[in-house]
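Each number in this note's numbering comes from the position in the sequence shown (counting from 1) with 61 added on. First up is the structure itself, then whatever we jot down about it.
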Amino acid sequence: MKKIILSVGLLIAQLGLQAQCPEWNLRAQGKSHRDFVPQGGFLLDSVQTDFNADGIPDWILVLASSTEQGDDATGAMCERSLVILQGSKGGYTLQSHNKKAIMCRECGGVFGDPFSGIKVNKNVMHINHYGGSSTRWVRKHTFRFQNNEWMLIGVSESNNSVVLECATIEQAELNLTEVNFNTAKMHVVRTKRGACKPYKDQWIPYTKKPLISLKAFDIEESYFPLKVD
Numbered sequence: 062m063k064k065i066i067l068s069v070g071l072l073i074a075q076l077g078l079q080a081q082c083p084e085w086n087l088r089a090q091g092k093s094h095r096d097f098v099p100q101g102g103f104l105l106d107s108v109q110t111d112f113n114a115d116g117i118p119d120w121i122l123v124l125a126s127s128t129e130q131g132d133d134a135t136g137a138m139c140e141r142s143l144v145i146l147q148g149s150k151g152g153y154t155l156q157s158h159n160k161k162a163i164m165c166r167e168c169g170g171v172f173g174d175p176f177s178g179i180k181v182n183k184n185v186m187h188i189n190h191y192g193g194s195s196t197r198w199v200r201k202h203t204f205r206f207q208n209n210e211w212m213l214i215g216v217s218e219s220n221n222s223v224v225l226e227c228a229t230i231e232q233a234e235l236n237l238t239e240v241n242f243n244t245a246k247m248h249v250v251r252t253k254r255g256a257c258k259p260y261k262d263q264w265i266p267y268t269k270k271p272l273i274s275l276k277a278f279d280i281e282e283s284y285f286p287l288k289v290d
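Okay, here's the thing in C-alpha cells:
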C-alpha cells in the first residue's frame, strides 16, 4: 500500500511539474529574434553575433518559462532552451535548439541561479555556470560553429574555497579539470584542503575522439575523456 501511495504521489508531482513547465513548439522563421520568444516564456539572455561570417547578424538566445519568475517560482526546476538563430536579409531561421544545455534556476544549490551568461567571439560560444557557497564551483562549455554545426571543443570544471586566504581567491584549494578536444589534452590541477599551492598540475594527452554536437549535448553528462582522482 505504501508503494502505491508513493507512486501516486510521484505521479502527481510529475504532472504538477509538467503543468508548470510548458512545452514550446519553436517557430522555424521570424522577422525579429523576439519572434522566437514563445507565449509563456521570456528572454533570459541574448547575444548578437555573426557566427557564420556572412556579414548578417545572428542571435543566440536563452529562453525560460515565465513560471520561474517571482518569489514563489513554481517553475524554478523547468528546463531552459538554448536557441540559435541564423540571420538573413529577410529575417531569422532557427539554426539549432537544445533544452539540455542550460541549468535550471534551482539547479545550482543555495547560491542561487547558476546560469552566469553566454559569451561569443565570432564562431566560438562559451556557456558559463557558477554556484556554491563557501566552496564555489565553475563550469564552462565551449562550442565552435564548424561545418554548419556547433561542436563541443572544450570543457572546464573547477571548485575553490572563498574562505581560505591566498594570494588570489582562485588559488584557495583549487581543483580544476579542463579538456581541449582539438589538441586532445586534459589539464588537471589538484590542491589539498587548506592549501594554496597545488600538488598536481599537469596536461595529460589522450586518444582523440569524435566531437560532440550541440544537438546531442547534455550539461548533466561528463565529457572528460579520462578519469583522474
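The beta carbon of each residue, even a glycine, is placed where N, CA and C say it ideally should be.
Query, Result
"Alpha helix (DSSP H) segments (min. 4 residues) lying fully within the stretch 131-162", "none"
"Minimum C-alpha distance to asparagine 182 - residue among Asp174, Tyr260 and Val108", "Val108"
"Residue range of the unbroken beta strand (DSSP E) whose run includes serine 107", "102-110"
"Cβ-Cβ separation, serine 149 to isoleucine 121 (assumed contact under 8 Å), whole Å", "Not really, about 16 Å apart at Cβ, beyond 8 Å."
"C-alpha gap between glutamine 90 and isoleucine 214, whole angstroms", "28 Å"
"N- and C-terminal bounds of the beta strand (DSSP E) containing proline 266", "261-266"
"Cβ shell of histidine 202 (< 6 Å), same chain only, five flanking positions each side left out", "Ile188 and Val216"
"Asparagine 159 classed as buried or exposed, judged by whether at least 16 other C-beta atoms fall within 10 angstroms", "buried"
"Span of the beta strand (DSSP E) around tryptophan 85", "Unbroken run through tryptophan 85: none, as it is neither H nor E."
"Pick from Pro83, Thr229 and Leu275 that is closest to lysine 258, judged by C-alpha positions", "Thr229"
"N-terminal and C-terminal residue of the beta strand (DSSP E) that methionine 293 is part of", "What is shown of the chain runs 62 to 290, which leaves residue 293 out entirely."
"Buried or exposed (CB count within 10 angstroms, at least 16 for buried), valine 69", "Caution applies to valine 69, whose pLDDT of 33 falls short of 50 and renders its modelled position unreliable; the model cannot decide the point."
"Backbone CA spacing between proline 175 and glycine 169 [nearest angstrom]", "5 Å"
"As assigned by DSSP and simplified to three states, the class of leucine 275", "helix"
"8 Å Cβ cutoff met for tyrosine 267 and alanine 233", "no"
"Residues near phenylalanine 172 by beta carbon distance below 7 Å, same chain, minus five either side", "Gly192, Gly193 and Ser194"
"Inter-residue CB distance, glutamate 210 and serine 274 (contact presumed, cutoff 8 Å)", "6 Å"
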